[in-house]
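Residue numbers (the numbering used here), protein chains in the order written: chain B, 2 to 277; chain A, 32 to 570. All C-beta atoms in this analysis are idealised placements derived from N, C-alpha and C, irrespective of residue type, glycine included. Input: a single structure, listed below in structure tokens.
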């Protein structure tokens, strides 16, 4: 693994991606300590302000400091996005590997069901789940996780199928190994790399879907400073203070780009062919 | 023979620039081919022979550097030509035949379109003329129905037919020089013999200067006028073809020739005990591919599967080496996989006193006694496990006990296959192909099996490595009395080591006989054709 890390930091996209993600994680951990103001403190005399020396990024309709709100927002956005992705990929990886290993009719049944779920647009599916279970952050995570699972199943299954046809799996079968040993010890370590890569890229989608749900009023609820929610609230005041929309939007974009670059870098770093 | 060579390579060197500096691929290479001559270029993988061909074709990767030398076609240095000049030379004055016809033809164009394109481009014919001329060319390379062949797509033609088409298009523009890069390596023994006959015929007729690149010294010594041996980018020796085998000068050439399998030089001494009870016997074993579909089961019709191996009855005696030969698709690997429970089969397998009717009957004792080694060591060793873990697994699985710790046992296994003990910490990708195959052998021998199935285990290796692996297998047999099921397409090799040889053809076992009988009086016409097709070394 140290080798893979060195290769990751050897590519420009890996460097930049790791840097952005590392900064975002730092922000999520240290956000409250670094924030200049309490994110929920009103400054009635200083509403709708642009960037200034007092409020670096400006203030919103209640005079709350935007910088502090964005720093706090990292705390709610990032873990939520990560959790949603982990649920989605975990579910998808297990179902996908199982499907590839079982083969035959079971494989057909699983994959056709997955196809059917895939036919529903992701955001619509998430909306459906949230509206039927109730609008809060946890249900939003669950919705995104379930909406992500089908494509993850496909990716994992295709990789697992390729691994299954390798001679080392045949050698293990010929040796008389148990199915559990073959799946866990022989197949899974070789499937994991593409899953890790896909997970990192998916995080950026999760950030955006989460922001979209919050924007539609179905994810995080006020007074949370979740970035999507901030964009949604800023919409009403677009012409009075455009900065209210610019900063959280930029933050979402940065995170998405960061995880995408990290995923790209990981794909190169974890590819066994480049490890020669 | 005129004095001016068609193609000459003079003091040519080639580097590939990499992160760790430039790697020298070719070192001051000198070659010359005159009109009507065939120069054979022989070398092992990584020796630079294909790089040389690409350098002559001016088809080098961007990181290639050429520190010196010249490549002259009729005196003109190709290195100084511009890209557009090269375009008009390539295909018209110098052309190339690649190793694998299934990848060198475009799958979306018909064979007719591909061959007439050459004629339109380089001979200035109209589409219609080119098509007619193309048909004549296909007839010339011995294709039965040229008109039908012109309309076919590459996937509708066999490997041999496709290679005939690529040869036809290489000769189409009547070039001065043609490079052949292992044109028969991807083909079956009999087909490649036919392609070689075709090559000789066209060569004699057109008098084109040919550079024939191959790893197969026996083959090259039969078709070339002169043979150049390349080793690590240097031409180590160049001789008239007949003399390379009889009187090699350089040590490397001598070693190379010593590794070429020669059927007249037996490597196995002593016969297996005659009349012994078979260790393992296949009794009417049939393997079918493809499962019955849903519609098949509704209509109650038999599954439209293909048969991989048909009613094979075969036995192997303790410490016997049984060779199995046949072309690709003949069912030899299919049979091997059925014997280790990887393919479902019909019929029975007898193992000592026991009879097995399916893979479910194979218990741990059977699995322990019958081990298999696969063709590609890259794929048979798990890339995420260390060599130590890989070797430890069968020891733990079968509960093999020894007086030492696990680490000692792994070290002992590595020592048995002549690898250093510290390899246990390495990963497969840090090893060479030959070393990986040794690890695979060590894994098979960890459980002290009675029979080891070797499925083409040397065919992805160079001849010198192949000779070492064979030597290792024979010494292990001497030590443990193991029997081998030796599957190969190399008849010369199997005649060196096997006690008996089984010949398979399209899923059928056509003949089983001991080596001498098979060589002197083959009973089946296919066996005879196979024996005739194999090039045996000159001298």
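Cutoff 6 Å; reference residue 96 of chain B; Cβ partners in own chain excluding five residues on either side:
Indexing the first chain from 1 puts residue 96 of chain B at position 95. The residues are 154.
Kindly indicate if chain A contains any beta-carbon less than 8 Å away from that of residue 190 of chain B.
Counting from one through the first chain, the residue named residue 190 of chain B turns up at place 189. Chain A contact via Cβ: present.
Output needed for residue 82 of chain A: all residues of its chain with C-beta closer than 7 Å, excluding positions within five of it in sequence on either side, in chain order.
In the second chain, residue 82 of chain A corresponds to position 51, counting from 1. If we look at residue 82 of chain A and ignore the five residues flanking it on each side, its Cβ neighbours are 45, 56, 57.
Residue 161 of chain B beta carbon less than 8 Å from that of residue 102 of chain B:
Residue numbering aside, residue 102 of chain B sits at position 101 when the first chain is read from its first letter. Residue numbering aside, residue 161 of chain B sits at position 160 when the first chain is read from its first letter. Yes, Cβ-Cβ distance for residue 102 of chain B and residue 161 of chain B is below 8 Å.
Which same chain residues end up closer than 8 Å to residue 33 of chain A when comparing Cβ atoms and leaving out the 5 residues on each side of it in sequence?
Here residue 33 of chain A corresponds to residue number 2 of the second chain, with the count starting at 1. Caution is warranted here: a pLDDT of 49 is assigned to residue 33 of chain A, below 50, making its placement in the model unreliable, and the coordinate value is therefore given only provisionally. These residues qualify, in order along the chain: 65, 66.
Would you decide whether residue 86 of chain A is buried or exposed? Buried here means 16 or more other CB atoms lie within 10 Å of its CB.
Looking up residue 86 of chain A in the second chain gives position 55. Residue 86 of chain A is buried by the Cβ-count criterion.
Any beta carbon of chain A sitting closer than 8 Å to that of residue 8 of chain B?
Locating residue 8 of chain B in the first chain gives position 7, counting from the first residue. For residue 8 of chain B, the answer is no, since every Cβ of chain A falls outside 8 Å of its Cβ.
Can you list the residues of chain C that residue 177 of chain B reaches, using a CB-CB cut of under 9 Å?
Considering every chain present, this structure includes no chain C. Its protein chains are B and A.
Residues in the stretch 408-426 of chain A with C-beta within 7 Å of chain B's C-beta atoms, listed in sequence order?
410, 411, 412, 413, 414, 415, 425
Hey, which unbroken runs of the beta strand (DSSP E) at 3 residues or more fall wholly within the stretch 269-313 of chain A?
none
Could you have a look at residue 503 of chain A and say whether DSSP puts it in helix, strand or coil?
Within the second chain, the letter at position 472 stands for residue 503 of chain A. The answer is helix: DSSP assigns residue 503 of chain A an H, G or I state.
For the beta strand (DSSP E) that residue 42 of chain A lies in, which residues bound it at each end?
Mapped onto the second chain, residue 42 of chain A falls at position 11. Residues 38-49.
How would you write the range of the alpha helix (DSSP H) that residue 207 of chain A sits in, first residue to last?
As a first step, residue 207 of chain A is located in the second chain; it is residue number 176 there, counting from the start. That residue, residue 207 of chain A, is in no alpha helix (DSSP H); it is neither H nor E in DSSP.
Residues of the stretch 141-162 of chain B with Cβ closer than 8 Å to any Cβ of chain A, in chain order:
none
For residue 233 of chain A versus residue 180 of chain A, is the C-beta spacing smaller than 8 Å?
Residue numbering aside, residue 233 of chain A sits at position 202 when the second chain is read from its first letter. Residue numbering aside, residue 180 of chain A sits at position 149 when the second chain is read from its first letter. Their beta carbons are not under 8 Å apart, which means residue 233 of chain A does not touch residue 180 of chain A by this criterion.
Determine whether the beta carbon atoms of residue 459 of chain A and residue 513 of chain A lie at a separation below 8 Å.
Within the second chain, numbered from 1, the residue matching residue 459 of chain A stands at position 428. Within the second chain, numbered from 1, the residue matching residue 513 of chain A stands at position 482. Cβ distance not < 8 Å, so residue 459 of chain A and residue 513 of chain A don't count as in contact.
Determine the DSSP secondary structure at residue 222 of chain B, reduced to helix, strand or coil.
Within the first chain, numbered from 1, the residue matching residue 222 of chain B stands at position 221. Residue 222 of chain B: coil per DSSP, three-state reduction.
Residue(s) in a DSSP beta bridge with residue 402 of chain A
Against the second chain, residue 402 of chain A aligns to sequence position 371. Bridge partners of residue 402 of chain A: A:483.
Give, in chain order, every unbroken run of the beta strand (DSSP E) that is at least 3 residues long and sits entirely within the stretch 379-428 of chain A.
385-387, 401-404
Just checking, does the stretch 110-125 of chain A make contact with the stretch 199-210 of chain A on the three C-beta pairs under 8 Å criterion?
yes
Considering residue 254 of chain B, what are the terminal residues of the alpha helix (DSSP H) in which it resides?
Your numbering for residue 254 of chain B matches position 253 in the first chain. It spans 244-271 - the alpha helix (DSSP H) in which residue 254 of chain B sits, taken as one unbroken run.
DSSP state of residue 517 of chain A, grouped into three classes?
For the purposes of this step, residue 517 of chain A is taken as residue 486 along the second chain, with counting starting at 1. If DSSP states are grouped into helix, strand and coil, residue 517 of chain A belongs with the strands.
Does the CB of residue 380 of chain A have a neighbour CB from chain B at under 8 Å?
For the purposes of this step, residue 380 of chain A is taken as residue 349 along the second chain, with counting starting at 1. It does not: the Cβ of residue 380 of chain A has no partner Cβ on chain B nearer than 8 Å.
Work out the CA separation of residue 547 of chain A and residue 297 of chain A for me, nearest whole Å.
Sequence index remark: in the second chain, residue 297 of chain A carries index 266 (1-based). Sequence index remark: in the second chain, residue 547 of chain A carries index 516 (1-based). One C-alpha to the other measures close to 11 Å.
N- and C-terminal bounds of the alpha helix (DSSP H) containing residue 134 of chain A
For the purposes of this step, residue 134 of chain A is taken as the residue at position 103 of the second chain. Per DSSP, residue 134 of chain A belongs to the alpha helix (DSSP H) from 132-135.
Distance between beta carbons of residue 75 of chain A and residue 490 of chain A, contact taken as under 8 Å
What you label residue 490 of chain A is simply residue 459 of the second chain in a count that begins at 1. What you label residue 75 of chain A is simply residue 44 of the second chain in a count that begins at 1. Between residue 75 of chain A and residue 490 of chain A the Cβ distance is about 14 Å, and since that is not below 8 Å, they are no contact.
CA-CA distance, residue 98 of chain A and residue 115 of chain A?
Translated into the one-based positions of the second chain, residue 98 of chain A becomes position 67. Translated into the one-based positions of the second chain, residue 115 of chain A becomes position 84. Going from the Cα of residue 98 of chain A to the Cα of residue 115 of chain A covers about 23 Å.
Quick one: using the 10 Å Cβ neighbour count with 16 as the cut-off for buried, is residue 242 of chain A buried or exposed?
Here residue 242 of chain A is taken as the residue at index 211 of the second chain, counted from 1. Result: buried.
May I ask you to report which of helix, strand or coil DSSP gives residue 35 of chain A?
As a first step, residue 35 of chain A must be located in the second chain, where it is residue number 4. Residue state, collapsed to three classes: coil.
Can the beta-carbon of residue 48 of chain A be found closer than 8 Å to that of residue 110 of chain A?
Counted from its first residue, the second chain places residue 48 of chain A at position 17. Counted from its first residue, the second chain places residue 110 of chain A at position 79. Result no, Cβ atoms of residue 48 of chain A and residue 110 of chain A do not sit closer than 8 Å.
Identify every run of the beta strand (DSSP E) within the stretch 103-177 of chain A, keeping only runs that are complete inside it and at least 3 residues long; order them along the chain.
125-128
Residues of chain A with a CB under 9 Å from the CB of residue 199 of chain B: which are they?
Stepping through the first chain from its first residue, residue 199 of chain B is reached at position 198. Here the premise fails: no neighbours, minimum Cβ distance about 18 Å.
Rounded to whole angstroms, what is the Cα-Cα separation between residue 15 of chain B and residue 100 of chain A?
Numbered from its first residue, the first chain carries residue 15 of chain B at position 14. Numbered from its first residue, the second chain carries residue 100 of chain A at position 69. About 41 Å.
When DSSP labels each residue in this structure, what does residue 277 of chain B get in the three-state scheme?
Start at 1 with the first residue of the first chain, and residue 277 of chain B comes out as number 276. Note on residue 277 of chain B: pLDDT 38, under 50, position unreliable in the model; no value is reported.
Nearest candidate by alpha-carbon position, reference residue 41 of chain B, set B:83, B:66, B:58
In the first chain, counting from the first residue as 1, residue 41 of chain B sits at position 40. Per the Cα distances, B:66.
Verify the CB distance criterion: does residue 226 of chain A have a CB-CB separation below 8 Å to chain B?
Stepping through the second chain from its first residue, residue 226 of chain A is reached at position 195. Closer than 8 Å: no.
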